[in-house]
């Protein structure tokens, strides 16, 4: 990437130079990009950029969504940091992020398992990827059913092994793990497909050379293969972190944050406070905290990208 | 090739690999298989605890017919289409233009605008929720298809512009340059030279964005509320609340809701994966 993009920027520099030579052309290509960008920029500003700023602004007000807004400074944040619900949600978010980090290595393991050329392997790969294609609402339904204490698959297995049935989604200590497992299912599938593509593009000469040097097993994977898979690993980690922080759909469909708010996450807490409790300002404050956490990753991603463009 | 091709291994390894594959698929898709099996059972079977045995009677046609006759499932599916198709067309159109501008013109703000689109694509939905809901109400669009269409166009444009820009950057600049020398207008360059070249990329993008928008749940909860406009994700979730005991129907509904993106995926697999793994090989 680094070498190819530096080539491109050289080319671009050449273009600019040739544009500078003829003054008239420079004008046309001065205005043109803004004509092409216009529609996208306008709608993106209205629906994405302005709302981000507006939400930050709103988080300093008390507002029920209809009546007058009252400015209360950092009041919402003070209340937030004092609330148990917030710390439960934040802890759950961290748990999501930590456990979601299992997705890239598990995706890699499945990709290594499937990276063969036997009859029907295309279909097998497609079926493994399946969970990512279906809606998270359906994944949530599927897993609620899977965990059901009276007829779920999981409890059939447990009672077959002689254990007592457990109701994962009604147990305060287990519920978040249960939802995270459901979330990992499509996430692993996504990481798998990233790694399969990465494996397809390995440098064969390096592999052969390493094999001649008698590299095998784990050493081969760690020193020869993984360094070549770095771009795939980077993307896999980025989408996994974002997936973990976006964990709304599954919480909403499987438990609605319950039992007693024990499985809530910041995304769901924000929705609940604003839509059910009509506390828009407070909800906005929750959203701002989530946004700030996400910003760390956004900043890192952008920094990496801009660096590679230059 | 890594790992080493299995054909070179012993016959025993080969056979066990081929046996392990179908077993692993069944284990991996077990939750889904359970739901599909439930969707063809009768209510009696479920009440009597026959979840895993052979169904006492096959209710395939009955259950799936009932989903369409006794619930607004057909309306939900229609709504999803009415929302998704124009939104996909809008995103692809806007982002092809924006991607072209960012890829082939050199101007000061270029990299910053590009960075803004990428950053916007990563923000959590919740930070947009209250203002977007207010805007939608102010525009008089709350609880209409347009509420979702416009928002999806705006939000997905971030990702789509990233995608199109990276694709168009790789196209040869010489062609565009020589057209300019001939005095062809910028718009005609876009229309006659760039557009034909990006067609394969727009197909990949359209397939991917279709799935993203079809599967959206959050905005369907926030921006619409009546059965006449609700897409299938929110509809299914509402039905789950209403038919708590009728698992065979909920399962059938879930299968129906999942079908369109699945069909699209299987027919356009190559495009789909090309879109998703953008950056995985050279990121």
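Chains as they are written, first to last, in the numbering used here: chain A, 1 to 310; chain B, 1001 to 1283. Ideal Cβ positions, reconstructed from N, Cα and C, are used throughout, including at glycine.
Original post:
For residue 249 of chain A, does the count of other Cβ atoms within 10 angstroms reach 16, so buried, or fall short, so exposed?
Top reply: buried
Original post:
Looking at the C-beta of residue 279 of chain A, does it have a partner C-beta in chain B at a distance below 8 angstroms?
Top reply: no
Original post:
If you count every other CB in all the chains shown that lies within 10 Å of the CB of residue 282 of chain A, and 16 or more means buried, which is it?
Top reply: buried
Original post:
Looking at the unbroken alpha helix (DSSP H) that takes in residue 255 of chain A, where does it start and where does it end?
Top reply: First-last for residue 255 of chain A: undefined, no H or E at that position.
Original post:
Would residue 63 of chain A be called buried (16 or more neighbouring beta carbons within 10 Å of its own) or exposed?
Top reply: buried
Original post:
Mind checking whether residue 1102 of chain B and residue 1118 of chain B have CB atoms under 8 angstroms apart?
Top reply: no
Subject >> Environment of residue 1136 of chain B [buried if 16+ CB atoms lie within 10 Å] >> reply: buried
Original post:
CB-CB under 6 angstroms to residue 131 of chain A, same chain, minus the five flanking residues each way: which ones, in chain order?
Top reply: 185, 186, 189
**OP:** Would you check if there are 3 or more beta carbon pairs closer than 8 angstroms linking the region 1252-1271 of chain B to the region 126-140 of chain A?
**Re:** yes
**OP:** Verify the CB distance criterion: does residue 1086 of chain B have a CB-CB separation below 8 angstroms to chain A?
**Re:** no
Original post:
Counting contacts by CB-CB distance shorter than 8 angstroms, is residue 1140 of chain B in contact with chain A?
Top reply: no
Original post:
Where does residue 143 of chain A fall in DSSP's three states?
Top reply: helix
Subject >> Between the CA atoms of residue 192 of chain A and residue 105 of chain A - distance to the nearest angstrom >> reply: 9 angstroms
**OP:** Assuming residue 1096 of chain B contacts residue 1036 of chain B (C-beta within less than 8 angstroms), just tell me the rounded distance between them.
**Re:** Not confirmed; about 38 angstroms, so no contact.
Original post:
Mind pulling the chain E residues with CB within less than 7 angstroms of residue 298 of chain A?
Top reply: As a matter of chain content, chain E is missing from the structure shown, whose protein chains are A and B.
Original post:
Quick one: Cα of residue 203 of chain A to Cα of residue 1268 of chain B, how far?
Top reply: 28 angstroms
Original post:
What are the boundary residues of the alpha helix (DSSP H) that includes residue 1199 of chain B?
Top reply: 1195-1214
Subject >> Any 3 or more C-beta pairs closer than 8 angstroms across the region 47-58 of chain A and the region 1137-1147 of chain B >> reply: no
Original post:
Within this structure, are the beta carbons of residue 103 of chain A and residue 1130 of chain B separated by less than 8 angstroms?
Top reply: no
Original post:
Is residue 1084 of chain B helix, strand or coil by DSSP?
Top reply: helix
Original post:
By the criterion of Cβ-Cβ separation under 8 angstroms, what are the contact partners of residue 1095 of chain B in chain A?
Top reply: 40
Original post:
Taking the C-alpha atoms as reference points, what is the distance between residue 1147 of chain B and residue 276 of chain A?
Top reply: 21 angstroms
Original post:
Of all Cβ atoms in chain A, is any one closer than 8 angstroms to the Cβ of residue 1054 of chain B?
Top reply: no
Subject >> Contact list for the region 1140-1158 of chain B against chain A, Cβ threshold 9 angstroms >> reply: 1150, 1151, 1153, 1154, 1155, 1157, 1158
**OP:** Mark residue 268 of chain A as exposed unless 16 or more other C-beta atoms lie within 10 angstroms of its C-beta, in which case mark it buried.
**Re:** buried
**OP:** Just tell me which of B:1234, B:1271, B:1250, B:1266 has its CA closest to the CA of residue 1077 of chain B.
**Re:** B:1234
**OP:** Taking only beta-carbon positions, decide if residue 1166 of chain B is within less than 8 angstroms of chain A.
**Re:** no
Subject >> Spatially closest choice to residue 1060 of chain B from B:1039, B:1197, B:1002, B:1155, by CA coordinates >> reply: B:1039
Original post:
Any idea what DSSP makes of residue 1011 of chain B, helix, strand or coil?
Top reply: helix
Subject >> Secondary structure of residue 264 of chain A, DSSP reduced to three states >> reply: coil
Original post:
Is residue 1115 of chain B near residue 43 of chain A, with beta carbons less than 8 angstroms apart?
Top reply: no
Subject >> Separation of residue 1177 of chain B from residue 142 of chain A, as counted between CA atoms >> reply: 54 angstroms
Original post:
What residues in the region 1198-1216 of chain B have a beta carbon less than 8 angstroms from any beta carbon of chain A?
Top reply: 1211, 1214, 1215
Subject >> Sufficient close CB pairs (3 or more, under 8 angstroms) joining the region 259-267 of chain A to the region 80-98 of chain A >> reply: yes
Original post:
Taking 8 angstroms as the CB-CB limit, is residue 1059 of chain B close to chain A?
Top reply: no
**OP:** Using a Cβ cut-off of 7 angstroms, pull out every chain A residue sitting near residue 1018 of chain B, in sequence order please.
**Re:** 118
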